[in-house]
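Q: Please see the structure below; I have some questions.
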Amino acid sequence: VRSSRLAISATFEDETPKVGVPASTIEMVVSTLLENSRQAGATAVNISAAALPDRLVVTLADNGPGVAPADAGRVFEPFFTTRRGEGGAGLGLSIARALLAANDATLDLLPTTEGAVFEVVMPLAE
Numbered sequence: 001v002r003s004s005r006l007a008i009s010a011t012f013e014d015e016t017p018k019v020g021v022p023a024s025t026i027e028m029v030v031s032t033l034l035e036n037s038r039q040a041g042a043t044a045v046n047i048s049a050a051a052l053p054d055r056l057v058v059t060l061a062d063n064g065p066g067v068a069p070a071d072a073g074r075v076f077e078p079f080f081t082t083r084r085g086e087g088g089a090g091l092g093l094s095i096a097r098a099l100l101a102a103n104d105a106t107l108d109l110l111p112t113t114e115g116a117v118f119e120v121v122m123p124l125a126e
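Residue numbers are given in the numbering used here: position 99 of the sequence shown equals residue 99, and the series is strictly consecutive.
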């Protein structure tokens, strides 16, 4: 991820539990979300995590233009992109969601009035 133009801040609990999702999958998902934020024109992203009894909820919120309401229901569809003429293939979010689903985890776009907010919910490691 080219983060030179993207300020990233993180808020985590002191004891963030281990999750049952491979580190390589988490890295790919976070990289995809950060790159999408950067490409959309965001200049800052906050990553936060909160532990539930059996899950870890990670939220990535950016200050970009957000997702148009007409596009919100389609962002996870394979080949859906708003950047077709700029080289966007429309696969990043659908692949990220599929990789997480294979590990009993989820990726969702949350409704918001500012920027884009994505939520990753992962099971805790056993």
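We put the CB at the ideal spot given by N, CA and C, even for glycine.
All values derive from a computational prediction rather than experimental measurement.
#1: For LEU100, name the three-state secondary structure that DSSP assigns.
#2: Using CA coordinates, which residue listed in ASP14, GLU114, LEU6, ILE47 is at the minimum distance from VAL29?
#3: Return the CA-CA distance between PHE80 and ALA89, expressed in angstroms with no decimal places.
#4: Would you mind sorting ARG5 into buried or exposed? The rule is 16 or more other CB atoms within 10 Å of its CB.
#5: Looking at C-beta atoms only, is the number of pairs between the region 70-80 and the region 97-114 that lie closer than 8 Å three or more?
#6: Please tell me whether LEU56 and LEU124 are closer than 8 Å, where the distance is taken between their beta carbons.
#7: Quick one: is PHE12 buried, meaning 16 or more other Cβ sit within 10 Å of its Cβ, or exposed?
#8: Where do the N-terminal and C-terminal ends of the beta strand (DSSP E) with ALA50 fall, by residue?
#9: Helix, strand or coil, according to DSSP, for ALA70 in the structure here?
#10: How would you write the range of the alpha helix (DSSP H) that LEU33 sits in, first residue to last?
#11: What does DSSP give as the partner residues of VAL120 in its beta bridges?
#12: Do VAL45 and LEU34 have their C-beta atoms closer together than 8 Å?
A: Working from what's here:
#1: helix
#2: ILE47
#3: 8 Å
#4: exposed
#5: yes
#6: In this structure, LEU124 lies closer than 8 Å to LEU56 by Cβ.
#7: exposed
#8: 44-51
#9: helix
#10: Taken as a continuous stretch (DSSP letters only), the alpha helix (DSSP H) holding LEU33 covers 23-40.
#11: BP columns for VAL120 point to VAL58, LEU107.
#12: yes
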